[in-house]
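Chains as they are written, first to last, in the working numbering: chain B, 64 to 235; chain X, 202 to 437.
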C-alpha cells in the first residue's frame, strides 16, 4: 500500500483535516501496539470501535482491512510519513457556519466542496453565530462572507429604495 | 590844446629855417671846394663869405620874418580859435539846450505815448484776461458738465455691472449652497440609510438566530455556497 492509496481511502470517508490526521494517528497506534505493544490481536475495526470512532470513521477501518495487512515494520513508516506529507499538500478550506457542526453537516458540506471545488479538498469547520443566514469561507488566502451581511450589502441599494418608498408612503 | 599846436608849429618852422641855412652853408662850401678860384683865392673866399653871409643873413631875415609871421598867424589863429571856441561853446550850449528841449519834449511825448500805450495795453490785457477767463470758465463749465455726465453714466453703468455681478455671485452662491445642502442631505440620508440597514441586519441576525431551524440554516448555507459558486468565488 502506498501513501497515496492510504490517503485516497481515508479521504473517501473523511472531510476535515482533523479527521484525516486522526485516522493516520489511529492506524499508526494500532500497528505499533500490534507490533511493539502487549500483542493485541484485534482488528483495525475493533481498535476503532474501542477508540469510540463513529460509523463513518469505522468505514475507513473497514476499507483499510485488506490493505493494511501488506504493511510491515519496515514499510509502514515511509507510507505514514508520505501520507502526512500528502495531507499537507491537499487543498484546504475553512468554513464557518452559524450552528454547531455535527457529522451530517461535515459530510454534507464536505461532499459539496468535493463535488464543486476539488475532489480531494479537506475542510476545517467552525461555528460562528455572527454568520447567520449563510456561512463564511476562507480559501486560498481569501475570505468570502456568504452570510446575511453579504446579502444585505449586496442588496443595500434595493433596501434603501424600499425604505425611501416606505418613508414616502408613510409621510405622504 | 590849440596853444600847444601853435607852439609846435612855430618850432617846426624854426627848425625848417635852420635846416635851410645849414643847407646853404654846405652848398657854399662845396662850391668853394670844387670850383677853383677864378682870380685869387682870397677874393674868392671873401666873395663867397660875403655871399654866404648875405645868404645867411637873408635866410635869418626870412626866418625871422617867417617866425614873426608865424607868431602873428599863431596869435591870430589863437585869437580866432578863442573867439570860435566861445561861439562854438555858445552854439553848443544853444544846441544842447535845443537838443535838451527837443529831447525833453520827445521824452514827454514818448512818455505820454508810452503811458497811453501802456494804459491801452493794460486795458486790452484786462479785456483779454477777462475774455479768456470767461471763455475758460465756459470751457471749464462745459468740460465739467461733460465729465459729470460721463461720470454719472459710468457710475450708472458701474452700479449696473456691480449689481449684475453681485446678483450672479449671489445666485451662484445660492446654487452652491443648495447643492451643498442637497449633498449634505444626501450624505445624511445615506448615513441614516446605512444606520437603518445596520439596525435591520442586527435585528435580522437576532430574529434569524432565534427563529431559523437547523435545517433552514443548513439550507441557507448551501444556498450561499451555490451563489458563491455561481459568482466563481472559489475559482480565484
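We put the beta carbon where it would ideally sit given N, CA and C, even for glycine. Fair warning: this is a prediction, and the values are worked out from it, not measured in the lab.
Between the Cα of residue i and the Cα atoms of the options, which residue gives the shortest distance?
i, options, result
"residue 137 (chain B)", "B:64, B:222, B:211 and B:216", "B:64"
"residue 171 (chain B)", "X:431, X:420 and X:428", "X:420"
"residue 223 (chain B)", "X:354, X:370 and X:390", "X:390"
"residue 78 (chain B)", "B:108, B:153 and B:226", "B:153"
"residue 227 (chain B)", "X:357, X:382 and X:387", "X:387"
"residue 229 (chain B)", "X:341, X:397 and X:380", "X:397"
"residue 258 (chain X)", "X:276, X:219, X:288 and X:244", "X:219"
"residue 150 (chain B)", "B:119, B:168 and B:184", "B:184"
"residue 228 (chain X)", "X:312, X:392 and X:256", "X:256"
"residue 403 (chain X)", "B:231, B:101, B:168 and B:213", "B:213"
"residue 15 (chain B)", "B:177, B:195 and B:97", "Since the displayed chain B opens at 64 and closes at 235, residue 15 (chain B) lies outside it and no answer follows."
"residue 416 (chain X)", "B:139, B:84, B:164 and B:129", "B:164"
"residue 230 (chain X)", "X:254, X:273, X:212 and X:360", "X:254"
"residue 205 (chain B)", "X:266, X:342 and X:433", "X:433"
"residue 264 (chain X)", "X:333, X:400 and X:212", "X:212"
"residue 218 (chain B)", "X:394, X:338 and X:345", "X:394"
Please classify residue i: does DSSP put it in a helix, a strand, or coil?
i, result
"residue 157 (chain B)", "strand"
"residue 67 (chain B)", "helix"
"residue 208 (chain B)", "strand"
"residue 195 (chain B)", "coil"
"residue 140 (chain B)", "helix"
"residue 201 (chain B)", "strand"
"residue 186 (chain B)", "strand"
"residue 303 (chain X)", "helix"
"residue 233 (chain B)", "helix"
"residue 106 (chain B)", "coil"
Just to check my reading of the structure: residue i and residue j have Cβ atoms closer than 8 Å, yes? What is that Cβ distance to the nearest angstrom?
i, j, result
"residue 409 (chain X)", "residue 211 (chain B)", "7 Å"
"residue 190 (chain B)", "residue 162 (chain B)", "7 Å"
"residue 260 (chain X)", "residue 222 (chain X)", "5 Å"
"residue 105 (chain B)", "residue 425 (chain X)", "Wrong, their Cβ atoms sit about 44 Å apart, outside the cutoff."
"residue 214 (chain X)", "residue 268 (chain X)", "6 Å"
"residue 91 (chain B)", "residue 114 (chain B)", "That pair is no contact at about 13 Å."
"residue 145 (chain B)", "residue 66 (chain B)", "3 Å"
"residue 160 (chain B)", "residue 422 (chain X)", "6 Å"
"residue 112 (chain B)", "residue 119 (chain B)", "The pair is not a contact, with the Cβ atoms about 13 Å apart (cut-off 8 Å)."
Can you list, in chain order, the residues of its chain with a C-beta nearer than 8 Å to that of residue i? Leave out the 5 residues immediately preceding and following it.
i, result
"residue 215 (chain B)", "222"
"residue 117 (chain B)", "166"
"residue 429 (chain X)", "435"
"residue 314 (chain X)", "none"
"residue 126 (chain B)", "72, 75 and 76"
"residue 134 (chain B)", "64, 94 and 142"
"residue 176 (chain X)", "Residue 176 (chain X) lies beyond the residue range present for chain X, which begins at 202 and ends at 437; the question has no answer from this structure."
Give me, in chain order, the residues of the same chain whose beta-carbon lies closer than 7 Å to that of residue i; leave out the 5 immediate sequence neighbours on both sides.
i, result
"residue 93 (chain B)", "107 and 110"
"residue 123 (chain B)", "72, 73, 76, 77 and 86"
Beta-carbon within less than 6 Å of residue i's beta-carbon, same chain only, minus the 5 sequence neighbours each way: which residues are those?
i, result
"residue 157 (chain B)", "187 and 201"
"residue 207 (chain B)", "200"
"residue 192 (chain B)", "161"
"residue 194 (chain B)", "159, 161 and 210"
If contact means a Cβ-Cβ distance below 7 Å, which residues of the stretch 134 to 166 of chain B contact chain X? 160, 161 and 162
Mind listing which residues of the stretch 424 to 435 of chain X have their C-beta closer than 8 Å to chain B's C-betas, in chain order? 424, 425, 426, 428, 429, 430, 434 and 435
Residues, ordered as in the chain, of the stretch 379 to 399 of chain X that lie near chain B by beta-carbon distance below 7 Å: 394, 397 and 398
Contact list for the stretch 219 to 230 of chain B against chain X, Cβ threshold 9 Å: 219, 222, 223, 226 and 227
Interface positions of the stretch 174 to 185 of chain B facing chain X (Cβ-Cβ less than 7 Å), listed along the chain: 175, 179 and 180
Contact set between the stretch 407 to 421 of chain X and chain B, restricted to residues whose Cβ is under 8 Å from the partner: 409, 410, 413, 415, 418, 419 and 421
Counting only Cβ-Cβ distances shorter than 8 Å, please list the residues of the stretch 343 to 374 of chain X near chain B, keeping chain order. none
Just by C-beta distance, which residues in the stretch 194 to 208 of chain B are closer than 8 Å to chain X? 195, 196, 197, 198, 200, 202, 203, 205 and 207
Taking Cβ-Cβ distances below 8 Å as the criterion, which residues of the stretch 66 to 89 of chain B are in contact with chain X? none
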